[in-house]
């Protein structure tokens with residue numbers, strides 16, 4: 095760990111050779127002419143590529159089985175199969191959300207992620223137990239990891255009476271963001287569900303991040319209701335729609351009308367870029383000025399065994415999903431797990447510039463695209479000014 | 095290296111603890127009761143998971159840039175952009191198909207692949223130069239790697255006069271399979287192109303492996319012409335259709351009629367499971383008795399920077415593309431890069447049974463699905479009875 099240090103001989107994405115001076119956990123200066131100060135520890139970057147600490151825009155730390163014995167998945171294919179199976183499994187398996195969220199958080203840091211937005215299940219069986227586990231992990235990791243917690247009604251909200259009150263308590267207990275889930279297809283009443291969500295968010299002055307898996311026309315219907323409320327309540331810039339599969343299903347004309355409103359209302363979109371589902375059109379969204387960013391979604395849980403806590407691999411999967419092959423296109427995939435995700439989640443002081451938090455990743459790669467496709471081990475990770483990883487291993 | 099050895103304490107996919115005795119490059123016996131013979135070297139597998147050597151069903155060893163300085167991709171989006179760019183780049187960059195195919199082959203072996211079908215470009219500018227390079231690699235690797243070479247007219251066949259003659263020479267020079275490419279959309283004359291392909295294959299008594307990128311109705315049209323010729327010429331079991339994107343585009347009824355004929359004629363299908371394209375329906379094909387298998391396609395070349403020579407990662411991508419989450423489903427993804435690929439390409443003596451070639455991979459994983467999603471380093475690789483990898487490193 096180091097409060098102040100000088101990192102020389104690193105390359106930026108544009109190829110420029112620079113040095114970075116860090117003091118008090120912040121980037122003090124970055125550029126080709128930044129000279130070491132006497133008495134400040136110096137580190138030679140070995141001409142490695144310098145990237146900003148990565149941002150995980152959407153995961154579920156509390157439900158992962160990372161590092162535990164293999165979970166044999168024999169779950170049915172429906173969303174409700176997966177929800178029910180998980181709730182039962184978490185109750186009966188001894189799954190420990192504190193230990194698991196900590197294990198996965200460490201693995202994220204090990205791979206260069208310094209900011210995480212995690213959705214945490216709140217339901218009438220578990221109450222706030224998972225939230226408490228993740229709040230403990232946030233506290234343990236607070237020096238190096240900037241974590242946003244979304245109170246997430248995974249089992250539905252209106253359909254399970256008592257959930258609204260639990261979400262209310264979760265926001266009071268330290269959750270930063272109010273989550274929500276499929277107001278029509280899970281909750282069964284899109285108007286009442288969205289009204290309850292917005293009312294609760296407004297009362298706590300918290301932003302919203304909604305899981306919207308609803309496809310095609312029903313998803314578009316729910317999305318229009320949501321946008322109406324963002325507009326009426328003045329929550330521009332305070333809402334993320336996660337997944338938004340419907341935007342990949344609709345005819346161009348209907349989709350573009352929705353995208354125009356999404357852009358106007360500064361609603362951000364999150365995609366995990368699943369290869370088996372329709373996805374929002376990445377480049378079109380960006381061209382319209384929409385912030386669209388990336389996340390893993392669950393990692394090795396009862397929903398799905400896939401995923402690793404490495405945002406370079408997620409960027410690769412985003413690149414493959416959107417058929418991004420050119421170097422300048424693959425830089426967009428990396429943007430989804432760095433700048434765009436920080437913007438979409440409002441992580442403060444992000445980036446490689448003076449005044450930003452010193453979250454730095456060094457990799458042996460020739461370009462950003464090379465880093466994304468090769469996913470080399472992290473040569474060095476600095477989180478909040480602290481040295482946390484060398485040669486791929488946590489210090 | 096060892097001609098004969100005894101491998102004990104390994105687990106099969108079904109959890110059974112077994113030993114394997116190997117003699118003369120073959121599996122002599124495998125089972126729970128197989129005892130070591132006096133004087134035969136013994137190896138303790140450490141309770142690792144035993145998998146058969148992996149099969150790469152479709153790659154392009156000759157055009158990879160693996161291990162070389164990063165290639166900055168600034169290529170246009172059309173198939174013809176990519177074909178033209180590559181032909182020019184290979185001519186002017188000093189790209190060496192012998193060195194590159196050898197580097198990539200070694201990396202494949204390092205990750206446990208012991209059988210490869212590679213398509214090699216044959217065109218009127220390069221002639222048989224790339225084929226000669228890959229034939230050299232095959233010779234160098236012959237003790238450990240079973241390689242099939244497809245003579246592939248990447249720049250088109252009829253549209254570039256002289257290509258048929260080159261393919262004829264390529265088959266005479268050692269190519270095992272005749273390749274082909276988009277008879278309608280590249281060659282411009284599906285009937286004449288297919289006729290020339292089948293005539294040439296018949297003359298050399300070689301099987302066919304055709305790249306069919308043609309989408310929707312035009313792909314279906316070409317595919318019907320192809321199936322007619324398989325039937326008329328009695329080439330059942332001797333044709334692979336690679337990619338076959340059209341089978342992911344068609345309405346179910348039209349698609350199913352095609353699938354019935356494909357099954358009857360024992361035509362096999364290859365998919366790289368690209369996340370940005372329609373793909374043949376994996377489970378439906380299997381249910382109809384069609385052999386459908388997996389491959390990487392190109393790895394880090396001028397077409398695309400993606401891909402690694404690790405068939406476990408390809409199995410993972412296949413699993414993600416087809417939304418295979420259950421353990422029994424992920425076993426299908428692994429089948430695509432092992433048994434099904436060996437069957438589709440007619441690799442001889444494949445598998446974990448007495449009499450098969452001793453191609454063995456050990457990984458620290460609890461189940462096959464675990465191996466696919468975690469892609470652990472290969473603890474041990476035995477290729478054709480020879481120890482080639484320990485702890486992830488080539489011996």
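Protein chains in written order, with the working numbering: chain A, 95 to 489; chain B, 95 to 489. From the three backbone atoms N, C-alpha and C, an ideal C-beta is built for every residue, glycine too.
Interface criterion not met: the Cβ of residue 404 of chain A is under 9 angstroms from no Cβ in chain B. When Cβ-Cβ separations below 9 angstroms define contact, residue 461 of chain B makes contact with chain A. Annotation note: the stretch 179-247 of chain B contains the following uninterrupted alpha helix (DSSP H) runs of length 4 or greater, listed N- to C-terminal: 191-204, 223-234. With respect to the C-alpha of residue 335 of chain B, the residue from B:140, B:379, B:293, B:348 having the closest C-alpha is B:379.
Residue 160 of chain A is a Cβ neighbour of residue 394 of chain A, given a cutoff of 9 angstroms. In this structure, residue 233 of chain B lies away from residue 271 of chain B, with their beta-carbon atoms at least 9 angstroms apart. Shown here for residue 195 of chain A: same chain residues with a beta carbon closer than 7 angstroms to its own, the five before and five after excluded, namely 155, 156, 227, 228, 231 in chain order.
Partner residues in the beta bridge of residue 150 of chain B, as assigned by DSSP, are B:210. Scanning A:353, A:403, A:235, A:408 for the CA closest to the CA of residue 381 of chain A turns up A:353. Taking 9 angstroms as the CB threshold, residue 178 of chain B stays off the interface with chain A.
At a cut-off of 9 angstroms, the C-beta of residue 399 of chain A has a neighbouring C-beta in chain B.
Relative to residue 298 of chain B, the option among B:265, B:288, B:363 whose CA is nearest is B:265.
The beta carbon of residue 291 of chain B sits closer than 8 angstroms to the beta carbons of 251, 272, 274, 277, 302, 304 from its chain, once the five residues preceding and following it are set aside; these are given in chain order.
Not one beta carbon of chain A lies nearer than 9 angstroms to the beta carbon of residue 139 of chain B. Bounds of any beta strand (DSSP E) do not take in residue 478 of chain B, whose DSSP letter is neither H nor E. Secondary structure note for residue 285 of chain A: its alpha helix (DSSP H) is the uninterrupted segment 284-298. Within the stretch 313-395 of chain A, the runs of beta strand (DSSP E) at least 3 residues long that lie entirely inside it are, in chain order, 333-337, 362-365, 386-388.
If you draw a straight line from the Cα of residue 136 of chain A to the Cα of residue 102 of chain A, it comes to about 8 angstroms. Rounded to whole angstroms, residue 327 of chain A and residue 319 of chain A show a C-alpha spacing of 12 angstroms. In the DSSP assignment, the residues bridged to residue 120 of chain B are B:117, B:451. About 6 angstroms separates the beta carbon of residue 222 of chain B from that of residue 263 of chain B, a gap short enough to meet the 8 angstroms contact definition.
Chain order gives the chain A residues near residue 167 of chain B as 419, 420, 421, where near means a beta carbon separation below 7 angstroms. Residue 183 of chain A is outside the set of residues whose beta carbon lies under 9 angstroms from a beta carbon in chain B. Chain order gives the chain A residues near residue 410 of chain B as 400, where near means a beta carbon separation below 8 angstroms. Between residue 258 of chain A and residue 218 of chain A, the alpha-carbon positions lie close to 10 angstroms from each other. Of the residues assessed, residue 236 of chain A falls on the exposed side of the cut-off, its CB having fewer than 16 other CB atoms within 10 angstroms.
In the DSSP secondary-structure assignment, residue 483 of chain B is bridged to B:475, B:488. Under the three-state reduction of DSSP, residue 437 of chain B is assigned to helix.
Between residue 374 of chain B and residue 341 of chain B, the gap from beta carbon to beta carbon is short of 9 angstroms. The beta carbon of residue 355 of chain B lies closer than 6 angstroms to those of 321 in the same chain, with the five residues before and after it left out. With fewer than 16 other Cβ atoms inside 10 Å of its own Cβ, residue 346 of chain A counts as exposed. In the structure shown, residue 107 of chain A adopts coil according to DSSP, grouped into three states. Contact of residue 464 of chain B with chain A by beta-carbon distance below 8 angstroms involves 164, 399. Under the 9 angstroms criterion on CB atoms, residue 367 of chain A is classed as interfacial with respect to chain B. Residue 473 of chain B counts as buried, since no fewer than 16 other beta carbons sit within 10 angstroms of its beta carbon.
Three or more beta-carbon pairs drawn from the stretch 400-410 of chain B and the stretch 199-215 of chain B are found closer than 8 angstroms, and the two stretches are therefore classed as touching.
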